[in-house]
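Residues 424 to 829 (this note's numbering) are what the sequence shown spells out, left to right. Cβ atoms here follow ideal geometry from the backbone N, Cα and C, with glycine treated the same way. Before any comments, here is the structure.
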Amino acid sequence: MLKFLVHALPFTMVYGVVWGVAGMALPLLAGSTNRAGLVFAMLNLGVAIGAPVWGHLSRKQPVAGLIFLSTLLAGGGWIVLSFLGNDFLPLTAFAFGLFSAGAFALATVQVTRIFPREKWDSYIADMQSMMVVGQVIGLLATSLYTGPALGIPFLLVGLVSAAWMARGLIQQEKLNFTHRHWRLHQSQSLLPGVLHGHHLRQIRFQAFLTLRSAYLAMILTRWTLLILAWAPIFALYPLLMRHAFGFGEAPSSLIYSGSTALSVPLFLMAGWIARRISSVVSVTLGALVSAVSFVLMYGAVVQSNGALGAAGFVVMSCAYAFVAVGMNDGVVDAVSSEKEGDALGVANALMSLDNVLGGIAGGALVALFSYNVLFWIGFGLSVMALVLGLISATLRRAALVQETSA
Numbered sequence: 424m425l426k427f428l429v430h431a432l433p434f435t436m437v438y439g440v441v442w443g444v445a446g447m448a449l450p451l452l453a454g455s456t457n458r459a460g461l462v463f464a465m466l467n468l469g470v471a472i473g474a475p476v477w478g479h480l481s482r483k484q485p486v487a488g489l490i491f492l493s494t495l496l497a498g499g500g501w502i503v504l505s506f507l508g509n510d511f512l513p514l515t516a517f518a519f520g521l522f523s524a525g526a527f528a529l530a531t532v533q534v535t536r537i538f539p540r541e542k543w544d545s546y547i548a549d550m551q552s553m554m555v556v557g558q559v560i561g562l563l564a565t566s567l568y569t570g571p572a573l574g575i576p577f578l579l580v581g582l583v584s585a586a587w588m589a590r591g592l593i594q595q596e597k598l599n600f601t602h603r604h605w606r607l608h609q610s611q612s613l614l615p616g617v618l619h620g621h622h623l624r625q626i627r628f629q630a631f632l633t634l635r636s637a638y639l640a641m642i643l644t645r646w647t648l649l650i651l652a653w654a655p656i657f658a659l660y661p662l663l664m665r666h667a668f669g670f671g672e673a674p675s676s677l678i679y680s681g682s683t684a685l686s687v688p689l690f691l692m693a694g695w696i697a698r699r700i701s702s703v704v705s706v707t708l709g710a711l712v713s714a715v716s717f718v719l720m721y722g723a724v725v726q727s728n729g730a731l732g733a734a735g736f737v738v739m740s741c742a743y744a745f746v747a748v749g750m751n752d753g754v755v756d757a758v759s760s761e762k763e764g765d766a767l768g769v770a771n772a773l774m775s776l777d778n779v780l781g782g783i784a785g786g787a788l789v790a791l792f793s794y795n796v797l798f799w800i801g802f803g804l805s806v807m808a809l810v811l812g813l814i815s816a817t818l819r820r821a822a823l824v825q826e827t828s829a
């Protein structure tokens with residue numbers, strides 16, 4: 424268990440800054456609603472671009488070294504953001520998202536590199552829950568201080584733990600690469616190769632040929648639909664809680680952190696479901712819970728019941744646990760080990776692009792209509808993901824039958 428905690432700490436700290444500290448500090452630093460939306464979009468755009476890059480690099484370089492490099496660059500980017508303040512906020516938010524994307528793309532890859540295959544399901548769920556713990560800590564810390572400098576201690580702890588982890592693992596991973604015939608030339612060392620674009624030039628569409636798999640495409644499609652359903656709610660959260668449900672900033676913050684904390688044990692439950700039943704069932708359960716959450720939020724507006732709306736948001740946050748674990752576990756099962764970094768990078772890029780699109784479109788739809796339209800769209804997307812779950816289960820059974828007959 425101690426070994427797992429050491430490996431999870433860098434991801435936990437970076438995740439706590441991206442979705443905990445940044446979620447509260449950056450909108451306040453931006454000053455206006457329009458600029459806050461731009462900063463949110465730029466942060467997610469950076470993650471969307473960075474996640475596939477970090478995922479692809481994991482095929483060529485030791486993952487432990489990439490985690491250290493990602494944490495180091497993210498820490499530097501956040502320090503620059505903290506000191507420059509408003510002057511270059513959208514640009515520095517984009518750079519921070521680009522560098523911190525390694526925490527999203529490499530977490531599951533790291534599990535598959537250091538733990539035996541029969542324990543992957545369990546440790547993937549544990550990794551997801553640990554990152555959410557980081558988010559909860561970040562959100563709670565912002566109740567005491569909301570300045571961006573709050574994120575610096577998080578990233579320093581993450582950097583020290585990443586360095587400690589990388590010290591012994593890089594050599595071990597290089598030996599594993601040699602065993603798998605992934606021999607690297609001396610000129611392709613980690614830092615020069617990344618900074619001079621050597622590996623970036625090697626990224627081609629061929630790296631994602633595995634996405635032609637109908638089963639994997641179905642996993643990513645359901646992931647995209649559900650993230651798109653939730654994105655406007657998270658992007659407009661403070662305004663939604665105030666205008667639709669009647670909550671002020673303080674209770675809204677407590678509801679957010681409380682719902683996030685509640686989802687932590689659900690990550691473990693989702694891991695058990697994925698391990699004992701299947702990842703498809705985990706995602707399908709998450710889609711069902713998501714649909715229920717939008718019904719609750721719509722009912723809260725119709726009945727003018729703020730408590731019902733808060734319950735709907737909490738339920739929606741819990742749905743993410745089942746979907747995230749199911750998606751990560753499903754991707755690992757659907758691709759070969761050398762391509763899992765690429766596939767997970769694509770999944771995280773889709774999540775960030777959904778957040779960009781959902782934030783922009785959600786604000787426009789609310790301005791033109793009302794918050795109710797977000798609930799109807801979210802419900803529709805969740806139902807679509809449920810239907811695709813039945814198709815995905817059929818494809819999975821067909822694939823297993825084909826493997827057995829072969």
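Across the set Gly-499, Ser-676, Lys-542, Trp-653, the C-alpha of Gly-499 shows the shortest separation from the C-alpha of Leu-579. In the structure shown, Thr-494 adopts helical secondary structure according to DSSP, grouped into three states. Of Ala-808, Ser-545, Pro-475, the smallest CA-CA separation from Phe-427 is found for Ser-545. Non-local beta-carbon contacts of Ala-772 in its own chain, meaning distances under 6 angstroms to residues more than five positions away in sequence, involve Ala-471, Ala-474, Pro-475 in chain order.
Within 10 angstroms of the beta-carbon of Pro-576 lie fewer than 16 other beta-carbons, which makes it exposed.
It is roughly 9 angstroms from the alpha-carbon of Leu-495 to the alpha-carbon of Val-583.
Boundaries of the alpha helix (DSSP H) around Tyr-721: 702-726. By the neighbour-count criterion, in which 16 or more other beta carbons inside 10 Å mark a residue as buried, Gly-749 falls on the buried side. Secondary structure at Lys-483: coil, using DSSP grouped into helix, strand and coil. Contact between the stretch 646-665 and the stretch 689-703 is not established, with fewer than three Cβ pairs separated by less than 8 angstroms. Listed in chain order, the non-local C-beta contacts of Ala-431 below 6 angstroms within the same chain comprise Met-550, Met-553, local neighbours out to five positions each way being set aside. The Cβ atoms of Pro-450 and Gly-581 do not sit closer than 8 angstroms to each other.
Separation of the CB atoms of Cys-741 and Leu-691 is rounded to 13 angstroms, and the pair is thereby denied contact status at 8 angstroms. DSSP places Leu-813 within a helical segment (H, G or I) once states are collapsed to three. Leaving aside the five residues that flank Pro-655 on each side, the residues in its chain whose CB is nearer than 6 angstroms to its CB run, in chain order, Gly-781, Gly-785, Leu-797. Judged by their CB atoms, Ser-682 and Val-737 are nearer to each other than the 8 angstroms cut-off.
For Ala-474, the three-state secondary structure derived from DSSP is helix. Ala-697 has its alpha-carbon roughly 19 angstroms from the corresponding atom of Arg-536. Assignment of Tyr-743 by DSSP, reduced to helix, strand and coil, places it in the helix class.
Take Asn-795, set aside five residues on each side of it, and the residues of its chain with a beta-carbon closer than 7 angstroms to its own are Tyr-721, Val-724, in chain order. DSSP, reduced to helix, strand and coil, places Gly-671 outside both helices and strands of the structure shown, so it counts as coil. Assignment of Asp-549 by DSSP, reduced to helix, strand and coil, places it in the helix class.
Annotation: Ile-502 to Val-444 spans about 13 angstroms, alpha carbon to alpha carbon. Comparing alpha carbon positions, the residue from Lys-483, Val-559, Val-534 closest to Asp-752 is Val-534. It is roughly 14 angstroms from the alpha-carbon of Gly-812 to the alpha-carbon of Ser-713. In terms of Cβ geometry, Leu-492 and Ser-481 do not form a close pair [threshold 8 angstroms].
Assignment of Asp-510 by DSSP, reduced to helix, strand and coil, places it in the coil class. Gly-570 sits in coil when the DSSP states are folded into three classes, being neither helix nor strand.
When C-alpha distances from Met-807 are compared across Thr-644, Pro-674, Ile-783, the shortest belongs to Thr-644.
Distance from the CA atom of Asn-778 to the CA atom of Gly-469, rounded to whole angstroms, is 11 angstroms.
By the beta-carbon neighbour count (other beta carbons within 10 angstroms, threshold 16), Gln-726 is exposed. Out of Pro-661, Thr-565, Val-532, His-479, the CA that lies nearest to the CA of Ala-548 is found in Val-532. Here Thr-515 has Gly-500, Val-503, Leu-504, Leu-507 as same chain residues with Cβ atoms under 7 angstroms from its own Cβ, once five neighbours each way along the sequence are excluded.
For Arg-665, the enclosing alpha helix (DSSP H) stretches over residues 660-666. Within the model, the alpha-carbon separation for Ser-805 versus Val-437 is close to 29 angstroms.
Taking the C-beta atoms as reference points, Thr-565 is found no nearer than 8 angstroms to Ala-710.
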